[in-house]
Every structure is written in structure tokens, then in C-alpha cells.
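These protein sequence lines are chains A and B, in that order. For the first sequence, the numbering used here begins at 0 and goes up steadily by one. For the second sequence, the numbering used here begins at -16 and goes up steadily by one. Beta carbons are placed, not taken as given, at the ideal position from N, Cα and C, and that holds for glycine. Note that the structure is predicted; figures quoted are calculated from it, not measured. This report refers to the structure that appears directly beneath it.
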Amino acid sequence: MTNLLIRIPGIAWLLTGLGLTFAIFASGFASIPNLLNIGVQSSILLLLALPMTFIIMTEGLDLSMGAVLGLTGVVLAMGLVRGNGLWTSFAVALGVGLAFGIVNGLLVVKLSLPPFVATLGTLGVAQGLALVITDGESIVGIGPGLPKLYSSTWIGLPFSVAVAIVLYGVFHFLLYYTRFGSYVFAIGGNREALVLAGLPAGLYHVAVYALGGLMAGFTALLLTGRMNAGHPAAAIGMEFDAIAAVIAGGTERQRGNGWLPGTLLGVLTVGVLKNGLNVLALPSSLQVASIGVLLIAALLIDSLRKRRT
Amino acid sequence: VKYRLIGVAMLGIALALSSDAFLTVSNLLNVLRQASLIFLSASGLTLVIVGAGLDLSIGANVGLSACLAAAAIKSTGMLSMGFGAGLACGMAIGILNGLMVTQLRLPPFIATYGMLWMLYGVNYWYMKGDTIYGFPPEFRALGSGNWLSVPIPVYLMVAALLAGVIFTRYTTFGHEVYAIGANAEAARLSGIPVGSRLILSYTVSGAMAGLAGVVYLARLNSAEAGIGDALLLPAIAAVLIGGTSLFGGSGGLLGTLIGAIILTLVLNGMNLLTINTNWQPLVTGMIVLLAASVDSFTRRRTESRA
Chain A
0 MTNLLIRIPG IAWLLTGLGL TFAIFASGFA SIPNLLNIGV QSSILLLLAL PMTFIIMTEG
60 LDLSMGAVLG LTGVVLAMGL VRGNGLWTSF AVALGVGLAF GIVNGLLVVK LSLPPFVATL
120 GTLGVAQGLA LVITDGESIV GIGPGLPKLY SSTWIGLPFS VAVAIVLYGV FHFLLYYTRF
180 GSYVFAIGGN REALVLAGLP AGLYHVAVYA LGGLMAGFTA LLLTGRMNAG HPAAAIGMEF
240 DAIAAVIAGG TERQRGNGWL PGTLLGVLTV GVLKNGLNVL ALPSSLQVAS IGVLLIAALL
300 IDSLRKRRT
Chain B
-16 VKYRLIGVAM LGIALALSSD AFLTVSNLLN VLRQASLIFL SASGLTLVIV GAGLDLSIGA
44 NVGLSACLAA AAIKSTGMLS MGFGAGLACG MAIGILNGLM VTQLRLPPFI ATYGMLWMLY
104 GVNYWYMKGD TIYGFPPEFR ALGSGNWLSV PIPVYLMVAA LLAGVIFTRY TTFGHEVYAI
164 GANAEAARLS GIPVGSRLIL SYTVSGAMAG LAGVVYLARL NSAEAGIGDA LLLPAIAAVL
224 IGGTSLFGGS GGLLGTLIGA IILTLVLNGM NLLTINTNWQ PLVTGMIVLL AASVDSFTRR
284 RTESRA
């Protein structure tokens, strides 16, 4: 409990402080349309950050998530261009994402590769595949089905925000109320104990990465819907935002200490930071740099706090 | 190293059989020229990985160093200023990486990964989408010129290799980096100043990335913000193919040289066989996975034997 009390302030204060600063200094930031816009922008990131939280809790990392999202995005768009129907194309995109997730899991768990190298390799493969199948071009002409779904509203909320809320609920339930969730905590905290208890720790560990790939495939629905096209380089670097959000949100790489509400706050912090700098008309390149600063600052605070205790 | 040389020979023979254009002097020199760039950026990285660290920022470092060098040459008109700017930028980034890893005790891959995106952002902001191009021929010679009909970057590669091999094999510093990589705690207990040695290894990595940036600039004769983005994966591939273990404590620069040549042969062969360049990141990614798997496999086998 004390742990929670120490943790909540960090990211929550940061988010509140950033929000207030932008509300005062960036005119137009605190308007309803702009806040909804932050929600829409953050929903894609949240979908990646949720499984990334699980992965980081298992002392892992998935650098391939952005590239896999880019690949599944063009796969989805190509299916739609061919007239395969929305759900068929979506299923194919999910399948491709899942396949990459399983490969990542097998590389990390069965071949015991360091996660950042294994997923850096699959990053190259996914990015390369996306380039090869599209010839480096955008896929346009995806028809009206997906854009219509994307621009629909559910009980007054934009589609992507509604999806993000539902999926947050699913992941929260998964982590805190199911056996799978307890195993996720245990893999990072005390893997040996799981193995000694006769549980297939390796299987669950692979499943965590598989979930990451699956979610990258799922996110393709929102990304391609938002862009109304598929582009092989559309999601490059998005995994970095996700990693920064998770770590800023207080999930620790050691000891399997994950905190899913923190990830939600971390995602919103990244969203507010990017949007606020955008409203202040700072170039998008500096927004990328600011996320780098956020990540290193979060790590720094974490490391200082650990040294004090 | 022996097996890897056989690998180079077999790749060479296969390529020679499948393409007439491969076994020409100009193409082979071209392979060496391309390999030299990969080697320069991978050489400092090798040292970092030997010390059980990692530097994911080298691609972005090459990019920023190249752009700063380009801007310095354009604004001062002096080649030495460009050279100095590139090297200083690379070295400063390396020092920052080293400080983050040793003083702040951040995990190397996350610290350098954060650095990657900071440099990326700063570079795109600094260049504002512009391209700086058109440099004096004396400068371009550094990347694309020949001396005694051998490309000049190849001399740089050989010089870096010799300096690196002497450094790692015949100086205390070199031995200490291997000791840290094999077991940092044991190294610390035996009185090795682990922190300062690691900072030095990251500094070398940064400086070599800066040098690679300057050479790359000289070869391309133009600089834009994305210039180094695609260089990280090949550099890591070269180190891993060369047999330097990701777990630290073993491997070396000679291996990385062979790794860089093998990788370039594969990419060059794909070019000669007119395979679309879009395939290159895919193949490089596969090679990284394969080499890392072999590394992990051999490590586990030796562990189970011990």
C-alpha cells in the first residue's frame, strides 16, 4: 500500500502539472475538441502500451511493436483494397500480428535471446516485409467500410476512445483478476517459483509476447482507419512512445512490479506532452525528443528512489 | 574466426558463380568500401558489447554527427572544423551514454534507446527537412576517393582495426573491459575501476560513430536528417556475426571486421542479383536473429558442459 502511495504522485503530478501548464500557456489546449483529440491520439498508444506493460513486467521489451503495427496496417489496407471484406482482412492482420508475437516469444523464451536484440531483429523483418509487399508505396482506396466504422461514435465517444476504454478494462481484468495475470507478475518477480510449482512458465511467457503481437495487429484497425490508407512507415517509433509511457507510469523492469493504471496515466502524459507542444507550434521532431527526455527522467527518478531505499 | 573466414570464402564463391559482375576488382573494392562504413560504426559498439553493454544510439549518432559536420563545413569553409564537429558530437554523445549507464545506473539498452530518439528528434529539428550538399573534392575524397587504387575508407578501416586490436589485446584497458564483460562484480572486487572503464568504452563507441558519420557524409556528398537511421541494424548484425557475445566478455574486432564483410557480401550479392533494396532490412533482421540464436545456443552448450 505504501508502495502505491509513493507511486501515484509521480506520474499523476506530472500529468496534472503538464496539463495545467499547457492550459495556461497554450491557448486552445483546454478546449473540448482538443481534449477529445488527445483522447483519440492516445487511444492508439494505449492499445500498444497495455501489452507492453505485461512484457516489461516480465523483464522484457518489444521493440518490434511499431514495425509490426506498420506491417499489419498495410496488410489490412491491402485486404480491403482487394475487396476481401472488413472482418476477413482484420482477421488476417490479427493473424500476422499474432505470428510475430509468437516468434518474439519463442526467440526470447526458447532461445533465451536478450529481448531487445530478438525484437530488434523482428523489427527489421517486419519493416522489411512491409516495404517488400507494398514496394514502399502507400496503399490507398480502402473503401468506405473501415473509415465509416472509425468515424462512428459509441455513446457519444469516438470509436477509437471507446475501443481503448473497453480494452483497458479487459487488460485490467486480465492482470488483476485472472490466473494469467498472477503468472505475469510471477514471471518477472519470481520465475523460479512458477517453474518449481510445476506451472508451464515458458508457455505463459511466450503468451505475453504473443499478446503484444496480437494487439499490434488489433491496433492496425485504428491506425488504418484514422489514416484512411496503409503506409509501411506509418508506425515507426511508436513502440518508443509505448515504452516511455509504461516506464513513466511506474512499471519497473525488475521484480515484476507492474501498475496498469500508471500505464494509462503515462499514455495520457505522452499524449498531453505531444499535443501541448503541438498547440505551442513546436516542430514534431522536438516532440519526439521530449518523449526521450520523459523516458530518461522517469528512469532517473526511479533509480534515485531505489538508491535512497 | 576460422569458421567465419570459411563462411566468407563460401559466400564469395557462391556469388562469383551466380553473378559475373561479382568477381571484378572494382566490385570487390566496392564491397570493402561499404564494409568499411559498417565496420567503423560497429567497432566501438564491439567494445561496448564486450563490456556487456549495448549502444542503440549509434545510428542516430552517425546521423547527427554527419549533419553537424556538414553544417560546420558549410559555415566555416574549413574541413578541419567539420571533422572536429563530427568527432566532438559523437564523443559527447558517447560520454553522455556512459554517464547514464554508470553514474545513473540506467540499463544500457533503455538509456541508449532513449538517447536514440532524443538525437533523432534534435537532428530532425536542427535540419528542418533540409539537405546540405555539395562539398569540396578534398573532403569527398575521404569517403569516395582512392589512394594507390584502394578506397580511402578502407585505410581508415585498417587503421581502426589495428588500433583496436592493439588496444584490446595488448593494453590493460582492453583486458579490463573483457574482465568487466565476463563478470562486472568480480572485476570490481579485483580493483578494476569499472565505471571509468565503461564510460571510456561508450566514449570510444560514440567517437567511432562520429567518425563514421563524417566518412559517410564525404561519401554521399549530402546530409539530411535521416542519414543514419538505417545503420543501427547492420552494425549490430556485423558485431554478432563476428562472434562477439551479447552476454559480454568475449569476441573482438577481427570478428566484427569479418562480420561487416559477410554482411556486405550478402547485401552486395542481392544488389548484383537485382533484388529490390526493400529486401535489405528484412534480410539484415533475419541475420541478426540467426547470429544471436547461434550465440545463445553456443553459450548454453558451454554452460551445460561446465
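With a threshold of 8 Å between beta carbons, A/Gly120 makes contact with chain B. Residue environment for A/Lys273: buried (at least 16 other C-beta atoms within 10 angstroms of its C-beta).
A distance below 6 Å between beta-carbons, with the five flanking residues on each side excluded, links A/Val108 to the following residues of its chain, in chain order: Gly201, His204, Val205. Beta-carbon to beta-carbon, A/Thr262 and A/Gly248 are separated by about 4 Å, close enough to satisfy the 8 Å threshold.
Between A/Ile141 and A/Leu79 the beta-carbon gap is near 4 Å, inside 8 Å, which marks them as a contact.
A/Ser159 sits away from A/Ser30, with the two beta carbons spaced by 8 Å or more.
In the DSSP secondary-structure assignment, A/Thr152 is bridged to A/Pro157. Here the stretch 54 to 72 of chain A lies against the stretch 204 to 221 of chain A, with 3 or more beta-carbon pairs under 8 Å apart.
According to the DSSP assignment, B/Ile163 belongs to the alpha helix (DSSP H) that extends over 155 to 165. Contact annotation: B/Asn261 and A/Asp240 have beta-carbon atoms that are not nearer than 8 Å. Rounded to the nearest angstrom, the gap between the Cα atoms of A/Ile164 and A/Ile101 is 26 Å.
Considering only A/Leu14, A/Gly27, A/Phe172, A/Leu70, the residue with the shortest C-alpha distance to A/Leu279 is A/Gly27. Following the DSSP letters along the chain, one finds B/Trp108 inside the alpha helix (DSSP H) bounded by residues 91 to 110. A/Pro231 and A/Ala76 do not touch by the CB rule: their CB atoms are close to 10 Å apart, not below 8 Å. Residue-level contact check: A/Val131 touches chain B, since one or more beta carbons of chain B fall below 8 Å from its beta carbon.
Looking at the backbone, the Cα of B/Leu256 and that of B/Leu248 are separated by about 12 Å. Taking B/Leu39 as the centre and dropping the five residues before and after it, the same chain places the C-beta of Phe92, Thr95, Tyr96, Met98, Leu99, Leu215 closer than 8 Å to its C-beta, in chain order. Using a Cβ distance threshold of 8 Å, A/Leu45 and A/Val266 count as a contacting pair. In this structure, B/Leu272 places its C-beta atom within 8 Å of the C-beta atom of A/Gly120.
Taking the beta carbon of B/Asn261 as reference, the chain A residues within 8 Å of it are Gly127, Leu130, Val131, Asp134, Gly135, listed in sequence order. The C-beta of B/Val14 has 16 or more other C-beta atoms within 10 Å across all chains shown, which makes the residue buried. Taking the Cα positions, A/Ser289 is about 44 Å away from B/Gly(-10). Residues of chain B whose Cβ lies closer than 7 Å to the Cβ of A/Ser88 do not exist; the shortest such Cβ separation is about 22 Å.
Under the 8 Å criterion on CB atoms, A/Ser159 is classed as non-interfacial with respect to chain B. Three or more Cβ pairs closer than 8 Å define a contact, and the stretch 182 to 193 of chain B meets that threshold against the stretch 26 to 35 of chain B.
Nearest to B/Tyr109 by C-alpha distance, out of B/Ala206, B/Ala213, B/Ile258, B/Asn259, is B/Ala206.
The shortest CA-to-CA distance from B/Gly231 to any of B/Lys57, B/Pro136, B/Ala275 is the one to B/Ala275. Linking B/Tyr107 to A/Leu112 through their CA atoms gives a straight-line distance of about 33 Å. Interface annotation for the stretch 227 to 243 of chain B against chain A: Leu229, Phe230, criterion Cβ-Cβ distance under 9 Å. The straight-line gap separating the alpha-carbon atoms of A/Asp301 and B/Phe156 is approximately 32 Å. Linking A/Pro32 to A/Leu156 through their CA atoms gives a straight-line distance of about 12 Å. In this structure, the CA atom of A/Ile10 is about 26 Å from the CA atom of A/Leu210. When the alpha-carbon of A/Ile54 is set against those of A/Trp86, A/Glu238, A/Pro282, A/Ala296, the nearest one is in A/Glu238. Per the C-alpha coordinates, the member of A/Ala244, A/Val73, A/Leu93 positioned closest to A/Gly270 is A/Ala244.
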